[in-house]
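Enquirer:
There are 2 protein chains.
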Amino acid sequence: MKTPRFAPIPAALPATVPFTGPETLQRRLGRPFAARLGANENGFGPSPRAVEAMRAEAGLVWQYGDSVSFDLVQALAGRLGVTPGHIQVGEGIDGLLGLLVRLMIAPGDAVVTSDGAYPTFNYHVAGFGGVLHKAPYRDDAEDPQALLDLAWRTGARLVYLANPDNPMGSWLAGGAIEEMVAMLPEDCLLILDEAYAEFAPAEAVPQISADDPRVIRMRTFSKAYGMAGARVGYAIGHPELIAGFDRIRNHFGMCRISQAGALAALGDEDWLAHIRTSTAAARDRIGRIGAENGLRALPSATNFVALDTARDGAFARQLVAALETEGVFVRMPGVAPLDRCIRISCAPAPELDVLAETLPRALARLRHPSHP
Amino acid sequence: MKTPRFAPIPAALPATVPFTGPETLQRRLGRPFAARLGANENGFGPSPRAVEAMRAEAGLVWQYGDSVSFDLVQALAGRLGVTPGHIQVGEGIDGLLGLLVRLMIAPGDAVVTSDGAYPTFNYHVAGFGGVLHKAPYRDDAEDPQALLDLAWRTGARLVYLANPDNPMGSWLAGGAIEEMVAMLPEDCLLILDEAYAEFAPAEAVPQISADDPRVIRMRTFSKAYGMAGARVGYAIGHPELIAGFDRIRNHFGMCRISQAGALAALGDEDWLAHIRTSTAAARDRIGRIGAENGLRALPSATNFVALDTARDGAFARQLVAALETEGVFVRMPGVAPLDRCIRISCAPAPELDVLAETLPRALARLRHPSHP
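One line per chain: the protein sequences are A and R, in this order.
Just so it is clear: in the first sequence, position 140 is 140 by full-length UniProt numbering, and no numbers are missing.
Just so it is clear: in the second sequence, position 172 is 172 by full-length UniProt numbering, and no numbers are missing.
1) For R/L366 versus R/A322, is the C-beta spacing smaller than 8 Å?
2) Return the CA-CA distance between R/L338 and R/D143, expressed in angstroms with no decimal places.
3) Could you work out which residue in R/F44, R/G43, R/L60 and R/V51 is closest to A/G43 when comparing CA atoms only?
4) Any beta-carbon of chain A closer than 8 Å to the one on R/W62?
5) Can you list, in chain order, the residues of its chain with a C-beta nearer than 7 Å to that of R/A110? Leave out the 5 residues immediately preceding and following it.
6) With burial defined as no fewer than 16 other Cβ atoms inside 10 Å of the residue's Cβ, what is the status of A/P167: buried or exposed?
7) At the level of alpha carbons, what is the spacing between A/R31 and R/L150?
8) Is it buried or exposed, A/M183, if we count other Cβ atoms within 10 angstroms and call 16 or more buried?
9) Looking at chain A, is there any beta carbon in it that lies within less than 8 Å of the beta carbon of R/A349?
10) Determine the DSSP secondary structure at R/G130, reduced to helix, strand or coil.
11) Please state whether the Cβ-Cβ distance between R/R340 and R/A310 is less than 8 Å.
12) Name the one or two DSSP bridge partners that A/L338 has.
13) Do three or more CB pairs link the stretch 324-335 of chain A to the stretch 16-30 of chain A at distances below 8 Å?
14) Mark A/V81 as exposed unless 16 or more other C-beta atoms lie within 10 angstroms of its C-beta, in which case mark it buried.
15) Does the separation of the CB atoms of A/G253 and R/D193 fall below 8 Å?
16) Using the Cα positions of A/R79 and A/A176, report the straight-line distance between them to the nearest angstrom.
17) A/G261 to A/V68, Cα distance in whole Å?
18) Assuming R/G90 and R/S345 form a contact by the criterion Cβ under 8 Å, report the distance between their Cβ atoms to the nearest whole angstrom.
19) Give the DSSP-derived three-state secondary structure of R/D308 in the structure shown.
20) Within 10 angstroms of its Cβ, does A/G116 collect 16 or more other Cβ (buried), or is it exposed?
21) What residues in the stretch 77-96 of chain R have a beta carbon less than 9 Å from any beta carbon of chain A?
22) To the nearest angstrom, how far is the alpha carbon of A/W271 from that of A/S47?
23) Here's the rule I'm using: 16 or more other beta-carbon atoms within 10 Å means buried, otherwise exposed. How should R/A314 be labelled?
24) Within the chosen definition, does the stretch 212-231 of chain R reach the stretch 8-16 of chain R through at least 3 CB pairs nearer than 8 Å?
25) Looking at A/A53 and A/A264, is the spacing between their C-beta atoms short of 8 Å?
26) Would you call R/E351 buried or exposed, if buried means 16 or more other Cβ atoms sit within 10 Å of its Cβ?
27) Hey, out of A/A273, A/L307 and A/N303, whose CA is closest to A/G287's CA?
28) Could you give the first and the last residue of the continuous beta strand (DSSP E) run that contains A/G233?
29) What distance in whole Å lies between the Cβ atoms of A/R217 and A/I236, which are believed to be in contact at a cut-off of 8 Å?
30) Based on Cα-Cα distance, which residue from R/I87, R/H124, R/P119 and R/A75 lies nearest to R/L99?
31) Suppose the cutoff is 6 Å on Cβ atoms and the five residues either side in sequence are ignored; what does the same chain contact list for R/Q259 look like?
32) Check the Cβ of A/M1 against every Cβ in chain R and list those closer than 8 Å, keeping chain order.
33) Can you find a CB in chain R that lies within less than 8 Å of the CB of A/C255?
34) Tell me, please, which residues DSSP counts as bridged to A/L266.
35) So R/G267 and R/R49 are supposed to be a Cβ contact under 8 Å. How far apart are they, rounded?
36) Beta-carbon separation of R/I289 and R/A356 under 8 Å?
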């Protein structure tokens with residue numbers, strides 16, 4: 001008796017995963033991390049109102065969540081000044097990216113992204129048989145002209161751009177993205193991943209009509225709203241495109257508790273302001289900790305900071321591993337030359353204290369391997 | 001400017017959805033349902049321990065959930081006497097069915113199910129370009145021999161069987177399923193949907209080795225565990241098959257709060273026993289309410305009861321609509337001859353009181369349309 005064979009596309013996929021989760025790393029380490037600074041989670045936490053709403057909803061979890069996330073969609077539409085038909089709520093940007101790739105990409109279709117950008121997007125493209133083409137970063141930022149050139153050259157159906165960017169923290173002016181949209185090939189859709197938009201300066205957010213059929217924007221409650229574990233993201237786009245999700249999505253897939261939490265979080269503007277202030281302060285402090293250790297902080301419009309080791313990927317990987325051994329979870333870009341950096345998420349002071357104490361030790365260990 | 005076109009498979013899909021959610025129906029009705037008896041939710045609710053665990057976890061929702069649901073998988077493996085490699089946790093059986101279809105089905109591949117069985121499975125098969133072949137029910141139960149015959153005739157790669165069955169509540173003896181497995185064509189996988197297994201008599205659960213590569217079983221926390229809104233299901237199967245999910249699943253897709261709730265729910269055996277007792281009592285009461293109104297209850301091994309109107313689908317549809325107008329949410333099978341029945345979920349006494357009061361009125365209205 002053999003296991004029935006997989007369909008051709010999954011049969012050809014590698015068994016690798018985009019990221020190893022921090023819990024898995026902790027189990028290998030044998031103890032909890034003292035500082036969880038690797039997944040761009042928001043350790044300042046969700047709005048207390050969101051926590052309260054989720055606690056209140058827990059007893060109602062015997063009911064399926066609303067299959068159209070009506071209240072949340074209404075609230076988002078009101079906030080964004082669009083109609084509910086312009087919005088699709090989904091299980092985080094990760095879930096929405098998977099659905100969007102499935103909606104747009106047939107096997108063999110070309111897709112463009114930056115070399116070193118979000119691996120989970122690449123995972124979904126491969127997962128549906130798309131063919132990835134990668135443009136290099138330019139000065140540690142995604143390069144709209146290079147992405148455009150590649151899209152024209154390959155006949156791409158999707159172009160992925162994160163602004164602000166992950167993993168570098170850099171950002172493009174909104175105007176540069178608007179110009180890029182104007183130059184997109186026909187029948188090519190720009191995925192503008194704005195997971196970190198709430199941390200960015202206003203001029204980093206382009207003015208694009210939600211009725212523009214060439215762009216779909218992705219936002220999330222995982223970052224500024226501090227609800228990564230709840231799995232709530234949303235897409236903003238042309239209603240005909242948004243309606244496409246209903247053909248393929250898991251209609252009852254949204255957790256009921258998460259919906260309630262996101263709705264409450266959206267209503268707490270004071271908490272969002274507090275998060276922005278706390279994150280900016282943490283960003284500065286990570287910069288100072290880096291500087292004290294000879295690592296330059298790249299400018300960041302996000303809730304993380306790329307610290308430049310001024311060495312290569314092998315060195316940065318050793319540094320990540322050394323920090324992990326010390327109980328500090330950080331990550332790093334996967335591709336040269338970005339991978340000379342390590343990426344550190346903003347967090348409350350006690351965790352950054354641990355970083356400040358640990359980073360010199362980890363670096364010393366790399367420079368003097370015999371050091372205890 | 002046009003919206004970029006969809007890929008061929010989604011472009012050909014209808015814009016329909018498997019189910020209209022009760023919240024949508026309530027918004028149409030203009031008020032909340034007085035009795036929510038349509039989605040086979042478990043109104044007796046989750047274990048208080050699960051609620052407590054979810055409330056405690058809410059403050060930690062800034063962290064992504066464990067991407068491998070380690071603790072929950074360990075607990076399930078221990079409970080089931082299998083290894084963790086035999087189990088895949090996912091976003092409800094709905095989510096797992098979608099992934100499994102994607103893993104196994106290339107466009108044009110044959111898939112077998114029963115005519116009138118779970119629509120969401122059919123939705124996923126269509127969504128990946130599979131070709132559905134449907135065997136009729138026999139005496140209001142799924143018919144293993146008819147499914148087998150059809151699988152052999154069509155060269156099916158997947159056969160779907162729910163035991164106990166939804167929407168009829170009927171069940172097959174475990175031995176009948178074991179015999180069916182022995183006769184499956186090579187390279188054909190049986191999906192055994194056991195969403196309602198915890199409500200069924202022991203003899204309805206087949207003895208199938210988790211190492212048998214011809215079967216994958218699906219279980220859920222949505223029904224007996226009362227956590228439909230949390231979106232936690234699991235598949236049990238051969239480790240090579242289970243490992244396939246890692247190639248395509250949304251690795252960080254599991255809600256952190258839901259994972260904590262499921263783990264706690266699994267540990268509360270007393271609550272599960274209480275749910276079984278309460279559900280059996282509610283099943284009996286729905287049968288009595290049916291009998292008082294001339295509607296025969298079909299035997300059920302689930303947390304719902306099919307009441308036979310002894311009329312046709314048009315009549316049953318009118319009855320469902322009349323109940324809805326009265327504030328009672330029920331559903332019904334979608335296909336003749338099953339659609340002569342209405343399907344009523346078990347629930348606490350106050351909601352069944354509403355049913356007892358409302359059903360005669362709804363029936364009277366159908367029999368005498370001028371009745372106020």
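The C-beta atom is built at its ideal place from N, Cα and C for all residues, glycine as well.
Quick caveat: nothing in here was measured; it's all calculated off a predicted structure.
Expert: The relevant details are as follows:
1) Locating residue 366 of chain R in the second sequence gives position 366, where the first residue counts as 1. Locating residue 322 of chain R in the second sequence gives position 322, where the first residue counts as 1. When the beta-carbon positions are compared, R/L366 and R/A322 come within less than 8 Å of each other.
2) Numbered from 1 along the second sequence, position 338 holds the residue referred to as residue 338 of chain R. Numbered from 1 along the second sequence, position 143 holds the residue referred to as residue 143 of chain R. Going from the Cα of R/L338 to the Cα of R/D143 covers about 14 Å.
3) For the purposes of this step, residue 43 of chain A is identified with residue 43 of the first sequence, where counting begins at 1. It is R/L60 whose Cα lies nearest to the Cα of A/G43.
4) On the second sequence, position 62 is the one that residue 62 of chain R refers to. At a cut-off of 8 Å between C-beta atoms, R/W62 counts as an interface residue with respect to chain A.
5) By one-based count along the second sequence, residue 110 of chain R stands at place 110. Hits under 7 Å: V131, H133, T154, G155, A156 and R157.
6) Taking the first sequence and counting its residues from 1, one reaches residue 167 of chain A at position 167. Burial call: buried.
7) The residue labelled residue 31 of chain A in the question sits at position 31 within the first sequence. The residue labelled residue 150 of chain R in the question sits at position 150 within the second sequence. The straight-line gap from Cα to Cα measures roughly 53 Å.
8) Stepping through the first sequence from its first residue, residue 183 of chain A is reached at position 183. By the 10 Å Cβ count, A/M183 comes out exposed.
9) Your numbering for residue 349 of chain R matches position 349 in the second sequence. Cβ-Cβ to chain A under 8 Å: no for R/A349.
10) For this step, residue 130 of chain R is matched to residue 130 along the second sequence. Here R/G130 sits in coil by DSSP.
11) Taking the second sequence and counting its residues from 1, the one referred to as residue 340 of chain R is at position 340. Taking the second sequence and counting its residues from 1, the one referred to as residue 310 of chain R is at position 310. In this structure, R/R340 lies near R/A310, with their beta-carbon atoms less than 8 Å apart.
12) Position 338 of the first sequence, counted from the first residue, corresponds to residue 338 of chain A. Answer is none; A/L338 lacks a bridge partner.
13) Because the criterion of three Cβ pairs below 8 Å is met, the stretch 324-335 of chain A and the stretch 16-30 of chain A touch.
14) Numbered from its first residue, the first sequence carries residue 81 of chain A at position 81. Going by the sequence as given, residue 81 of chain A is Gly instead of Val. Label assigned to A/G81: exposed.
15) Along the first sequence, read from residue 1 onward, the residue named residue 253 of chain A stands at position 253. Along the second sequence, read from residue 1 onward, the residue named residue 193 of chain R stands at position 193. No. Outside cutoff.
16) Against the first sequence, residue 79 of chain A aligns to sequence position 79. Against the first sequence, residue 176 of chain A aligns to sequence position 176. The alpha-carbon atoms of A/R79 and A/A176 are separated by roughly 25 Å.
17) One-based indexing of the first sequence puts residue 261 of chain A at position 261. One-based indexing of the first sequence puts residue 68 of chain A at position 68. Looking at the two C-alpha atoms, the distance is approximately 16 Å.
18) Along the second sequence, read from residue 1 onward, the residue named residue 90 of chain R stands at position 90. Along the second sequence, read from residue 1 onward, the residue named residue 345 of chain R stands at position 345. 23 Å between Cβ atoms; not a contact.
19) Translated into positions along the second sequence, residue 308 of chain R becomes position 308. In this structure, R/D308 counts as strand in the three-state DSSP scheme.
20) In the first sequence, counting from the first residue as 1, residue 116 of chain A sits at position 116. So A/G116 counts as buried.
21) E91, G92, D94 and G95
22) Numbered from its first residue, the first sequence carries residue 271 of chain A at position 271. Numbered from its first residue, the first sequence carries residue 47 of chain A at position 47. Those two C-alpha atoms are separated by around 6 Å.
23) In the second sequence, counting from the first residue as 1, residue 314 of chain R sits at position 314. Exposed is the call here.
24) no
25) Residue mapping note: residue 264 of chain A aligns to position 264 of the first sequence, counting from 1. Residue mapping note: residue 53 of chain A aligns to position 53 of the first sequence, counting from 1. Yes. Within cutoff.
26) The residue given as residue 351 of chain R occupies position 351 in the second sequence. The residue is buried, with at least 16 neighbouring Cβ atoms inside 10 Å.
27) Walking along the first sequence from the start, residue 287 of chain A turns up at place 287. Ranking the options by Cα distance to A/G287, first place goes to A/L307.
28) Here residue 233 of chain A corresponds to residue number 233 of the first sequence, with the count starting at 1. Segment G233 to I236, the beta strand (DSSP E) holding A/G233.
29) Against the first sequence, residue 236 of chain A aligns to sequence position 236. Against the first sequence, residue 217 of chain A aligns to sequence position 217. Between the beta-carbon of A/I236 and that of A/R217 there is about 4 Å, and that keeps the pair under the 8 Å contact cut.
30) Counting from one through the second sequence, the residue named residue 99 of chain R turns up at place 99. It is R/H124 whose Cα lies nearest to the Cα of R/L99.
31) Reading the second sequence from its first residue, position 259 is the one you call residue 259 of chain R. Within the same chain, R/Q259 has close Cβ partners G65, S69 and L72.
32) The sequence position of residue 1 of chain A within the first sequence is 1, counting from 1. Residues of chain R passing the Cβ test: D212, P213 and R214.
33) Here residue 255 of chain A corresponds to residue number 255 of the first sequence, with the count starting at 1. Interface residue, yes.
34) Numbered from its first residue, the first sequence carries residue 266 of chain A at position 266. For A/L266, which the question treats as bridged, DSSP gives no partner whatsoever.
35) Start at 1 with the first residue of the second sequence, and residue 267 of chain R comes out as number 267. Start at 1 with the first residue of the second sequence, and residue 49 of chain R comes out as number 49. Their Cβ separation, rounded to whole angstroms, is 7 Å, which keeps R/G267 and R/R49 in contact under 8 Å.
36) Along the second sequence, one-based indexing puts residue 289 of chain R at 289. Along the second sequence, one-based indexing puts residue 356 of chain R at 356. Contact: yes.
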